[in-house]
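Enquirer:
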Amino acid sequence: MYLKSIYAALAGITLSASYFINLANAGTIYDFDIRVNFDSGLTNSQQTVFSDAENLWELFIVGYRDEFPGPGLDISASGQNIDGVGGTLGKTGITYGLFIPSYVYATEGTIQIDSADLLSIETAGNLFHVVMHEMAHAIGFGILWGPTLNDLLDSAGNYIGQYGLETYQLSNPEATFVPVEQDGGPGTAGYHWNEPYGGGLSELMTGWLDPNTTISLTTINSFADLGYVINPNFSVEQVPEPSTLVIFAFAIMGLFSRKYNKQYRN
Ligand SMILES: [Zn+2]
Numbered sequence: 350m351y352l353k354s355i356y357a358a359l360a361g362i363t364l365s366a367s368y369f370i371n372l373a374n375a376g377t378i379y380d381f382d383i384r385v386n387f388d389s390g391l392t393n394s395q396q397t398v399f400s401d402a403e404n405l406w407e408l409f410i411v412g413y414r415d416e417f418p419g420p421g422l423d424i425s426a427s428g429q430n431i432d433g434v435g436g437t438l439g440k441t442g443i444t445y446g447l448f449i450p451s452y453v454y455a456t457e458g459t460i461q462i463d464s465a466d467l468l469s470i471e472t473a474g475n476l477f478h479v480v481m482h483e484m485a486h487a488i489g490f491g492i493l494w495g496p497t498l499n500d501l502l503d504s505a506g507n508y509i510g511q512y513g514l515e516t517y518q519l520s521n522p523e524a525t526f527v528p529v530e531q532d533g534g535p536g537t538a539g540y541h542w543n544e545p546y547g548g549g550l551s552e553l554m555t556g557w558l559d560p561n562t563t564i565s566l567t568t569i570n571s572f573a574d575l576g577y578v579i580n581p582n583f584s585v586e587q588v589p590e591p592s593t594l595v596i597f598a599f600a601i602m603g604l605f606s607r608k609y610n611k612q613y614r615n
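Just add 349 to wherever you are in the sequence shown, counting from 1, and you've got the numbering used here.
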């Protein structure tokens with residue numbers, strides 16, 4: 350086992366590369382544990398939304414594959430001035446990673462929500478959705494797909510990870526890949542399912558926000574390709590028939606225009 354740094358740059362943010370993780374300090378855990386550490390700029394209610402998102406991801410993702418004693422994931426969450434009202438609403442990056450022969454894991458990440466937009470996002474009922482989306486990236490969705498990382502993309506940039514693809518094939522039997530977004534510019538292209546594939550227009554992990562957000566089993570099971578154990582209730586390894594697929598609706602209130610969303614869904 351050896352450790353390297355992960356350098357992540359998403360849509361206008363460049364996070365410092367980091368160089369090592371101290372496993373002794375990180376502790377040894379077998380269950381997947383997200384620890385959200387709150388920096389400045391988030392009210393109590395906004396922090397609660399982060400905690401809710403943490404809990405839901407920990408419901409979907411329960412451990413490390415191969416009984417690997419993973420270090421968990423520390424996320425630094427804050428409200429910070431990014432670019433004023435509108436435009437970019439949130440930024441996510443992975444700042445530390447753990448490379449083992451079989452997988453590359455995120456161990457530390459940052460999620461920043463633009464302080465100029467935070468209250469309006471919250472008031473519109475979209476903060477949970479936005480944080481769920483960004484937290485997925487912090488765990489590794491999109492960011493850790495590349496050839497030097499978990500190597501889950503084909504030469505055209507589409508997703509060929511085993512478990513995500515198997516789940517997608519339950520409803521798309523002829524598919525040989527899950528289409529990945531190639532439009533939208535840096536931070537969107539290459540980091541999301543190509544809407545409406547991967548779970549439909551409303552899917553959480555497409556590049557654009559749509560009303561009545563849902564999360565597909567393809568999204569959930571894609572984390573198995575990043576080295577995680579999926580809750581058996583949602584795992585493609587445990588789900589024999591498409592009829593048992595469950596889609597979660599988040600009952601998102603309020604609508605954004607696609608163009609507006611295109612700017613912030615990083
Ligand atoms: Zn995104």
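The beta carbon of each residue, even a glycine, is placed where N, CA and C say it ideally should be.
1) Under a three-way DSSP split, which group does N573 fall into?
2) Answer yes or no: the CB of Y540 versus the heavy atoms of ligand 2, is any distance below 8 Å?
3) To the nearest angstrom, report how far apart T525 and S394 are at their CA atoms.
4) Sort P450, H541, S464 and L566 by Cα distance to T497 and report the nearest one.
5) Three-state secondary structure (DSSP) at D419?
6) Any chance the CB of H478 is under 8 Å from a heavy atom of ligand 1?
7) Return the residue from the list Q511, N543 and S565 that minimises the CA-CA distance to G556.
8) Give the C-beta separation of D463 and G489 to the nearest angstrom, bearing in mind that I take them to be a contact with Cβ-Cβ under 8 Å.
9) Looking at the structure shown, is E552 part of a helix, part of a strand, or coil, going by DSSP?
10) Would you grab the beta carbon distance between Q461 and Q429 for me? Rounded to a whole angstrom, and I think it's under 8 Å.
Expert: So, to answer that:
1) In the sequence shown, counting from the first residue as 1, residue 573 sits at position 224. Note that residue 573 is Ala in the sequence shown here, rather than Asn. Three-state result, A573: coil.
2) With respect to ligand 2, the structure offers nothing, as its ligand set consists of ligand 1.
3) By one-based count along the sequence shown, residue 525 stands at place 176. By one-based count along the sequence shown, residue 394 stands at place 45. Spanning the two alpha carbons is a distance of roughly 43 Å.
4) As a position in the sequence shown, residue 497 is number 148, starting the count at 1. Comparing Cα-Cα distances from T497 to each of P450, H541, S464 and L566, the minimum goes to P450.
5) Looking up residue 419 in the sequence shown gives position 70. The residue asked about is misnamed: residue 419 is Gly in this sequence, not Asp. It is coil, neither helix nor strand.
6) Position 129 of the sequence shown, counting from 1, holds the residue named residue 478. No, the Cβ of H478 stays beyond 8 Å of every heavy atom of ligand 1.
7) To locate residue 556, count along the sequence shown from 1; it is residue 207. That would be N543, whose Cα lies nearest to the Cα of G556.
8) Taking the first residue of the sequence shown as 1, we reach residue 463 at position 114. Taking the first residue of the sequence shown as 1, we reach residue 489 at position 140. Not really, about 23 Å apart at Cβ, beyond 8 Å.
9) Translated into the one-based positions of the sequence shown, residue 552 becomes position 203. E552 falls in the strand class under three-state DSSP.
10) Start at 1 with the first residue of the sequence shown, and residue 461 comes out as number 112. Start at 1 with the first residue of the sequence shown, and residue 429 comes out as number 80. Right, the Cβ-Cβ distance comes to about 5 Å (below 8 Å), so this counts as a contact.
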